[in-house]
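A.B. asks: Submitted below is the structure of interest, expressed as structure tokens.
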Amino acid sequence: MNSVIEVNHLRKTYGSVTAVDDISLQVSAGEIFAIVGPNGAGKTTAVESIMGLRRPDSGEIRVLGLNPQTQGRELKQRIGIQLQQAALPNRLKVWEALDLFATFYGRSLPWEPLLEAWGLTEKRSAQFGKLSGGQKQRLFIALALLNDPEVVFLDELTTGLDPQARHATWDAVLAIRDQGKTVVLVTHFMEEAEELADRLAIIDGGKVVACGTPQALIQELQAGSRVRFTSQNGFDAAVLRPLPGVTQVEQHGRHITVHGRGPLLSHVVTALTAANQNPVDLHVEQANLEDVFLALTGRKIRV
Amino acid sequence: MHTLSKMTFVELKLKLREPISTFFTLVFPLLLLLLFGSIYGNEPTPFLGGRGNVDVSVPGYIAMIIGTLGIIGLPVALAEYRDQGILRRYRATPLSSSSILSAQVVTNLAIALLGMALIVTAAYFVYDLTLPAAPLAVIVAIVFSGVSFLAMGFLLAGLMPTASAAQAVGMAIFFPMLFLSGAGMPQAILPDAMVKVSQFLPLTYVVNLLQDLWVGKSWNVTAVLVLAGMMIAATAVSTRTFRWE
Chain A
1 MNSVIEVNHL RKTYGSVTAV DDISLQVSAG EIFAIVGPNG AGKTTAVESI
51 MGLRRPDSGE IRVLGLNPQT QGRELKQRIG IQLQQAALPN RLKVWEALDL
101 FATFYGRSLP WEPLLEAWGL TEKRSAQFGK LSGGQKQRLF IALALLNDPE
151 VVFLDELTTG LDPQARHATW DAVLAIRDQG KTVVLVTHFM EEAEELADRL
201 AIIDGGKVVA CGTPQALIQE LQAGSRVRFT SQNGFDAAVL RPLPGVTQVE
251 QHGRHITVHG RGPLLSHVVT ALTAANQNPV DLHVEQANLE DVFLALTGRK
301 IRV
Chain B
304 MHTLSKMTFV ELKLKLREPI STFFTLVFPL LLLLLFGSIY GNEPTPFLGG
354 RGNVDVSVPG YIAMIIGTLG IIGLPVALAE YRDQGILRRY RATPLSSSSI
404 LSAQVVTNLA IALLGMALIV TAAYFVYDLT LPAAPLAVIV AIVFSGVSFL
454 AMGFLLAGLM PTASAAQAVG MAIFFPMLFL SGAGMPQAIL PDAMVKVSQF
504 LPLTYVVNLL QDLWVGKSWN VTAVLVLAGM MIAATAVSTR TFRWE
């Protein structure tokens, strides 16, 4: 895979505040690359430097082989941008926004199919100020795709959306990748990154603290898994301790948690069946990216 | 060019959808014209140096529109677009910074010119306004003063932290200037002390420049120098203070 974005030792300060300390990353063509981290970690500053909207203090950036600082206008012809904080004039109608933005690009897609694809056909004559949060977000995605970009930047795409709209938006992001575009997704939702990203960089305090596929990062953690269930009367969880791979058994009244590695669930199920226990709520919990973040920084991502 | 004309067209449509924003450019000067015109008419009077009230007032109203443009119209429009994140969104496109700002300038200027055309037309047909002896010189002076006040507008837009601050400060600067400079009413009715104070107000020089040229006098050199100085100083400072977000 050839890389479409290369960032080396990016640094950006505002007065005495270091927003981005030292970030290096590389994004390959056709992947969804997530930049994840808590609010204030420097994600947006980093990605806005990559798009050429901010001037970094130092570091090297190449996007599609272009320097965003000196070739910014050329670059913006080829990328699509959805910003974390942006707006259109309140009285501007949906179709007018697309029609206007189409004139900004040397080459742009017909906008009616985009309206259709993003469920805005009924809202085509609605004013921007009258749209709901989700509709505004979809309009901004449509605008970001208007020039048929090679790389699409989506900054906090689903913040403020209800769960249903969030899941619909996730499908849409996968669809953008499936069109062959590279997607850079900035988010503070670990779940979102885990769900969508082919690869991701976890940013904290202006630095990359981990980078890789979600699976690899979780495996590196070697956190193993947990099996939880509610026992029936008279069950002694001690019988689970000698099972292969079990590292710890916690019993709080009837609530039992078994920690361990390997094919934990099948061993537990076998032992429970032998003990004539048939819990209805038996389930496995895998470590996730939240656990990775916690292990790397000692903090929960949402403080 | 296509982009700029499209943006200007869209911006003009937006202004029409919010007509209240053009009140001080399009309606207020007409109200003043009709109010003072109905009271004083346009008969030549020795009090105004042998000229009629409307003849003296119309160049003042034109100056007033220039003042509105630079002190309220442009800075409030820019500060609103900045506050709301609209400038940010435009910056994320291949548009050059100058195109984004030009669209705002051209739109506000177009509305100002419309306001001037309205006032001259109304004054001509209702009060038999005496048209300028050298119309070309008057037009050049209008553009020159307009550019100088637009520079002022960029300066204010950069200095004001929010759109509501721009609105409040704009009004606070505009109204004293309106009444003291001779733009809103002839300076002949002001006490001498007020006339002295008015020499510190840039709009006074626009009024002087336009009134002189309107009756065929030569270019007021002091006014030209003051307005040119303001243009240069405001441009120099605003390139440092202007903010996109």
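Chain order of the listed sequences is A and B.
So that you can map any letter, position 99 of the first sequence is 99 in my numbering, and since no number is skipped, the others follow by simple counting.
Each position in the second sequence, counted from 1, maps to that position plus 303 in my numbering.
C-beta: ideal position from N, C-alpha, C; glycine also.
Return no unless some Cβ of chain A is closer than 8 Å to the Cβ of B:A395.
C.D. replies: Numbered from its first residue, the second sequence carries residue 395 of chain B at position 92. Taking Cβ atoms only, chain A reaches closer than 8 Å to B:A395, which makes this a yes.
A.B. asks: According to DSSP, is A:R11 part of a helix, a strand, or is it coil?
C.D. replies: Numbered from its first residue, the first sequence carries residue 11 of chain A at position 11. Here A:R11 sits in strand by DSSP.
A.B. asks: Quick one: is B:V540 near chain A, going by C-beta distance under 8 Å?
C.D. replies: As a first step, residue 540 of chain B is located in the second sequence; it is residue number 237 there, counting from the start. Answer no: the Cβ-Cβ gap between B:V540 and chain A never drops below 8 Å.
A.B. asks: So, does the segment 386-395 of chain B touch the segment 85-97 of chain A, judging by three or more C-beta pairs under 8 Å?
C.D. replies: The segment 386-395 of chain B vs the segment 85-97 of chain A: in contact.
A.B. asks: With contact counted as at least three CB pairs below 8 Å, one residue from each stretch, are the segment 62-77 of chain A and the segment 193-206 of chain A in contact?
C.D. replies: The segment 62-77 of chain A, when compared against the segment 193-206 of chain A, does not touch it at the 8 Å Cβ threshold.
A.B. asks: Would you say A:F189 lies against chain B (beta-carbon separation less than 8 Å)?
C.D. replies: Here residue 189 of chain A refers to the residue found at position 189 when the first sequence is read from its first residue. It does not: the Cβ of A:F189 has no partner Cβ on chain B nearer than 8 Å.
A.B. asks: Between which two residues does the beta strand (DSSP E) containing A:E156 stretch?
C.D. replies: Position 156 of the first sequence, counting from 1, holds the residue named residue 156 of chain A. From DSSP, A:E156 is part of no beta strand (DSSP E); its letter is neither H nor E.
A.B. asks: Just to confirm, are A:I32 and A:A197 a CB contact at a threshold of 8 Å?
C.D. replies: Here residue 32 of chain A corresponds to residue number 32 of the first sequence, with the count starting at 1. Here residue 197 of chain A corresponds to residue number 197 of the first sequence, with the count starting at 1. Yes, these two residues count as a Cβ contact at 8 Å.
A.B. asks: May I have the straight-line CA-CA distance separating B:A413 from B:F447, to the nearest angstrom?
C.D. replies: By 1-based counting over the second sequence, the position of residue 413 of chain B is 110. By 1-based counting over the second sequence, the position of residue 447 of chain B is 144. Whole-angstrom Cα-Cα distance: 15 Å.
A.B. asks: Please state whether the Cβ-Cβ distance between B:G456 and B:P332 is less than 8 Å.
C.D. replies: On the second sequence, position 153 is the one that residue 456 of chain B refers to. On the second sequence, position 29 is the one that residue 332 of chain B refers to. Against a cut-off of 8 Å, the Cβ pair of B:P332 and B:G456 comes out as no contact.
A.B. asks: Taking only the alpha-carbon atoms, compute the straight-line gap between B:F477 and A:W95 and give it to the nearest angstrom.
C.D. replies: Within the second sequence, numbered from 1, the residue matching residue 477 of chain B stands at position 174. Within the first sequence, numbered from 1, the residue matching residue 95 of chain A stands at position 95. When rounded, the distance between both Cα atoms is 37 Å.
A.B. asks: Which residues of chain B have a Cβ atom closer than 7 Å to the Cβ of A:R91, listed in chain order?
C.D. replies: Stepping through the first sequence from its first residue, residue 91 of chain A is reached at position 91. Ordered by position in chain B, the residues that pass the 7 Å Cβ test against A:R91 are L317, R320 and E321.
A.B. asks: Just list the residues that DSSP pairs B:F312 with in beta bridges.
C.D. replies: The count along the second sequence starts at 1 and reaches residue 312 of chain B at position 9. For B:F312, which the question treats as bridged, DSSP gives no partner whatsoever.
A.B. asks: Taking C-beta pairs closer than 7 Å, name the residues in chain A that B:F385 reaches, listed in chain order.
C.D. replies: Taking the first residue of the second sequence as 1, we reach residue 385 of chain B at position 82. As written in the sequence, residue 385 of chain B is Arg, which differs from the Phe given in the question. Simply none; closest approach about 11 Å.
A.B. asks: My output table needs one value for A:A287: the three-state DSSP class, helix, strand or coil.
C.D. replies: One-based indexing of the first sequence puts residue 287 of chain A at position 287. Here A:A287 sits in coil by DSSP.
A.B. asks: With a Cβ-Cβ cutoff of 8 Å, do B:V540 and B:L458 count as a contact?
C.D. replies: In the second sequence, residue 540 of chain B corresponds to position 237, counting from 1. In the second sequence, residue 458 of chain B corresponds to position 155, counting from 1. It is a contact, given that the beta carbons lie within the stated cut-off.
A.B. asks: Where DSSP assigns a beta bridge to A:L200, which residues make up the other side?
C.D. replies: Locating residue 200 of chain A in the first sequence gives position 200, counting from the first residue. For A:L200, which the question treats as bridged, DSSP gives the partners A:A34 and A:G212.
A.B. asks: For the alpha helix (DSSP H) that contains B:I342, what are its first and last residues?
C.D. replies: In the second sequence, the residue the question calls residue 342 of chain B occupies position 39. First-last of the alpha helix (DSSP H) with B:I342: F331 to Y343.
A.B. asks: Under 8 Å: do the segment 114-131 of chain A and the segment 43-54 of chain A share three or more Cβ pairs, one atom per stretch?
C.D. replies: Too few Cβ pairs lie closer than 8 Å, so no.
A.B. asks: Is B:G353 helix, strand or coil when you go by DSSP?
C.D. replies: Within the second sequence, numbered from 1, the residue matching residue 353 of chain B stands at position 50. Coil, per DSSP.
A.B. asks: Would you say A:Y105 faces chain B, with C-beta separation under 8 Å as the test?
C.D. replies: Numbered from its first residue, the first sequence carries residue 105 of chain A at position 105. A:Y105 counts as touching chain B.
A.B. asks: According to DSSP, is A:Q84 part of a helix, a strand, or is it coil?
C.D. replies: On the first sequence, residue 84 of chain A is found 84 positions in, with the first residue counted as 1. A:Q84 falls in the coil class under three-state DSSP.
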